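First comes the structure, then the notes that go with it.
Protein chains in written order, with the working numbering: chain A, 1 to 124; chain B, 125 to 582.
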């Protein structure tokens, strides 16, 4: 199953901000982490991730710098800012509202059976 | 982490190749390329760890990266300002090689612009002033700026020795034509030379522009586009210059100093000459980045001119008066026909050669046919006038120009008709126009070189 493009695009910002809220990271690692967390269901392209990172940077939600971590190549790391954290909190509220609504809708006529396929716990 | 030891060097070569390929994208900056390369390396490392050979891993990783076109498009969407920044002086490119080239271009262009500015003032060293020697400055005007523009273009194209030789010969010939004949300041030939020498020399600039392949119709059409773009830039620079002069006057007068002398003697003439080179450099520097503006103007004005010409013809038919063939009216009609030709030329230069004939082509046919009708009316008026009062340089030049335009317009109309009726391909029209360009150059040279002795330096 592939997640629809619109849905991927809409959820991309909170996912990236959420991952960066855990720890500073770089493009390739972010992409791997998304892949890992979604169990391979979300397959982001570079054309989605890097322009998104640059946009978040332009908006002031993340900052970037080139770091040389011991034993690794020089890499461009991204760090979430206070404004990014605020944005993440706002997006979490919105996503929680959407997810809760969907849960209520799907609890309806067919019973909770459908919910088995739903990931619980909202967004990462 | 570096990739596995086996095939490591080959892999580096592949990365190098990939980087060079990606760096050519205008949408991507150097740091972006590095970031993407790091991504690619991460992907390759993982595949190598999973057991693939280095070269296999590279292929798979590049493939996974997805189409570069798509990636560039996404970057362009996020960084739309980058495409515009290519326009400005330093370009903001992060590619050192390209940066060096554009800097060298800029230096040569500035050198040529200074040369043009100095050329305007140089005659004063020999006691020639614009006030006292207006005729000299009028006939020599084209020789101040155009050789420098040609030099810049020839340098940029890396013109062959033969082309450089031809250019030097042409400009020397122009200098001879402007100064060798004993023409009175008030003679018609002085005015004719002042008008025709710039045209003749402009085709020499065309030779410099197309010096890599002067015979190719494509290159000639490129020169037509270049001419239009340069004109647009020149007008824009002139507008900016007007604003600058306005401020100069206002601010200096506010502190009790009149800048009139400096502006009239230095800023205006030097600026006007240097701006020719600068405009040429701008067209070259921004090439292929922004949509051409001249063809857009053509699209806008072709319908309007068609309506205007048709209205004129209808009114002419209703009033049944003759065309007044005084000098001003003749020049006006010639200019009108030249504008029509320009509209035709620029829409040809912008048209997709493979597109099927459409409404716009029919409109153009109407424009060309009405221009033809006007040309015939003007020709009748001139020949009537010549047979009645005898010939003068002015009338002869106008007659020649009208005949040349008539031939071009008539055959263009025929080809356009063929295009609209789907009997002929568009390229026939394109070839006809580019092939005809030397005729204008030839006639301009004839007027400049042959007319003065032919009419006893009248």
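Note that the Cβ used here is the ideal one computed from N, Cα and C, for glycine as well.
The structure displayed is predicted, hence computed values, not measured ones.
Boundaries of the alpha helix (DSSP H) around residue 555/B: 550–573. Put simply, the backbone Cα of residue 563/B is about 32 Å away from that of residue 438/B. Out of 244/B, 272/B and 224/B, the CA that lies nearest to the CA of residue 235/B is found in 272/B.
Take residue 30/A, set aside five residues on each side of it, and the residues of its chain with a beta-carbon closer than 7 Å to its own are 16, 19 and 49, in chain order. When C-beta distances to chain A are compared with 9 Å, the residues of the region 146–177 of chain B below that value are 155, 156, 158, 159, 160, 162, 163, 164, 165, 166, 167 and 170, in chain order. Annotation: the region 345–419 of chain B contains the following complete segments of the alpha helix (DSSP H) (minimum length 4 residues), in chain order: 392–410.
Against chain A, a Cβ distance below 7 Å from residue 195/B picks out 46 and 47. Each of 27/A, 82/A and 4/A was checked against the Cα of residue 53/A, and the nearest Cα belongs to 27/A.
Residues of chain A with a Cβ closer than 9 Å to the Cβ of residue 199/B are, in chain order, 47, 50, 51 and 54. Excluding residues up to 5 positions away in sequence, 333 and 407 lie with their Cβ nearer than 7 Å to the Cβ of residue 350/B in the same chain. Boundaries of the beta strand (DSSP E) harbouring residue 76/A: 74–80, taken from the DSSP string.
Note that the region 488–508 of chain B does not touch the region 558–573 of chain B; fewer than 3 beta-carbon pairs, one per stretch, sit closer than 8 Å. Within the same chain, Cβ atoms closer than 6 Å to the Cβ of residue 354/B are found at 403, 404 and 407, the five residues on either side in sequence being excluded. By the neighbour-count definition (other C-beta atoms within 10 Å, threshold 16), residue 93/A is an exposed residue. No Cβ of chain B is located within less than 7 Å of the beta carbon of residue 40/A.
Per the DSSP secondary-structure output, residue 67/A pairs in a beta bridge with 75/A.
At a cut-off of 7 Å between C-beta atoms, residue 248/B does not count as an interface residue with respect to chain A.
When secondary structure is reduced to three states using DSSP, residue 25/A falls in the strand class. Interface annotation, residue 136/B: not in contact with chain A, CB-CB separation never under 7 Å.
When the Cα atoms are used, residue 484/B and residue 471/B turn out to be separated by approximately 9 Å. The Cβ of residue 77/A sits no closer than 7 Å to any Cβ of chain B.
Taking the beta carbon of residue 27/A as reference, the chain B residues within 9 Å of it are 159, 160, 162, 163 and 166, listed in sequence order. Scanning chain A for C-beta atoms nearer than 9 Å to the C-beta of residue 202/B yields 50, 51, 52, 54, 55 and 58, reported in chain order. By a beta-carbon distance limit of 8 Å, residue 260/B does not contact residue 240/B. Their separation comes to about 17 Å. In this structure, the straight-line span from the alpha carbon of residue 298/B to that of residue 330/B is close to 15 Å. DSSP places residue 536/B in the uninterrupted alpha helix (DSSP H) bounded by 517–544. Between residue 186/B and residue 164/B the beta-carbon gap is near 7 Å, inside 8 Å, which marks them as a contact. Note on residue 551/B: under 16 other CB atoms within 10 angstroms of its CB, so exposed under the neighbour-count rule. DSSP, read as helix, strand or coil, puts residue 244/B in helix.
Boundaries of the alpha helix (DSSP H) harbouring residue 50/A: 46–59, taken from the DSSP string.
When the Cα atoms are used, residue 474/B and residue 345/B turn out to be separated by approximately 10 Å. Residue 91/A and residue 82/A have their alpha carbons spaced roughly 14 Å apart. Distance from residue 457/B to residue 391/B at the Cβ level is roughly 35 Å; contact not present, criterion being Cβ atoms closer than 8 Å. For residue 3/A, the secondary structure class from DSSP, reduced to helix, strand or coil, is coil.
Around the beta carbon of residue 558/B, 16 or more other beta carbons lie within 10 angstroms, which makes this residue buried.
For the set 352/B, 425/B, 513/B and 486/B, the Cα lying nearest the Cα of residue 538/B is the one of 486/B.
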